[in-house]
Amino acid sequence: MLGGLLRPAPSAGAGACDGVFTDEILRRCEEIMREVCAKANAELREFNGERDHVHLLIHYPPQVKLSTLVGSLKGVSAHYLRKEYADHVRRYLWGEHFWSPSYFAASCGGAPLSVIKEYIEEQKRPD
Numbered sequence: 008m009l010g011g012l013l014r015p016a017p018s019a020g021a022g023a024c025d026g027v028f029t030d031e032i033l034r035r036c037e038e039i040m041r042e043v044c045a046k047a048n049a050e051l052r053e054f055n056g057e058r059d060h061v062h063l064l065i066h067y068p069p070q071v072k073l074s075t076l077v078g079s080l081k082g083v084s085a086h087y088l089r090k091e092y093a094d095h096v097r098r099y100l101w102g103e104h105f106w107s108p109s110y111f112a113a114s115c116g117g118a119p120l121s122v123i124k125e126y127i128e129e130q131k132r133p134d
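So in this note's numbering, the last one in the sequence shown is 134, and the numbering has no gaps at all.
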């Protein structure tokens with residue numbers, strides 16, 4: 008089980024509180040990421056986000072390389088979100104990158120899943 012955090016690439020003109028995600032865009036991002044996980048034989052168990060990042064809880068088999076899975080999640084979601092929300096996304100991102108090149112991932116094998124799910128569910132989702 009993996010808990011993780013992904014952030015969009017920052018904009019040169021955006022303020023510290025700005026963020027690309029609206030509730031609608033987060034819902035679409037979740038749909039896309041669920042499809043990517045299913046194709047990779049993984050399961051997106053929890054998803055939520057705030058204006059400037061998303062949290063994921065993913066169950067994946069040991070034969071799936073984490074870097075490959077994260078690369079697919081970022082690449083596929085960036086493609087569709089930039090295409091479907093081009094005018095909105097363009098205002099917040101800098102250059103050709105949707106996601107930051109980095110990500111945070113932590114194994115959740117020792118923590119109770121209910122605690123991690125609660126943390127993800129309690130994120131302050133934008134309207």
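The beta-carbon is built from N, C-alpha and C at its ideal position, and this holds for glycine as well.
Could you check if glycine 26 is buried or exposed, using at least 16 other CB atoms within 10 Å of its CB as the buried criterion?
buried
Measuring alpha carbon to alpha carbon, tell me which of Glu91, Asp59, Pro68 ends up nearest phenylalanine 39.
It is isoleucine, not phenylalanine, that sits at residue 39 in the sequence shown. Nearest option by C-alpha distance: Glu91.
Exposure label - valine 61; buried when at least 16 CB within 10 Å
buried
Could you check which residue in Val71, His95, Leu100 has the C-alpha nearest to that of aspartate 30?
Selection Val71, His95, Leu100 evaluated against aspartate 30 yields His95 as nearest (Cα-Cα).
Excluding sequence positions up to five away, which residues of its chain have a Cβ less than 7 Å from the Cβ of lysine 131?
If we look at lysine 131 and ignore the five residues flanking it on each side, its Cβ neighbours are Glu57.
Over what stretch of residues does the beta strand (DSSP E) that includes valine 61 continue unbroken?
From DSSP, the beta strand (DSSP E) with valine 61 extends over 60 to 66.
Of the residues Glu103, Glu37, Tyr126, the one placed nearest arginine 89, counting alpha carbons only:
Glu103
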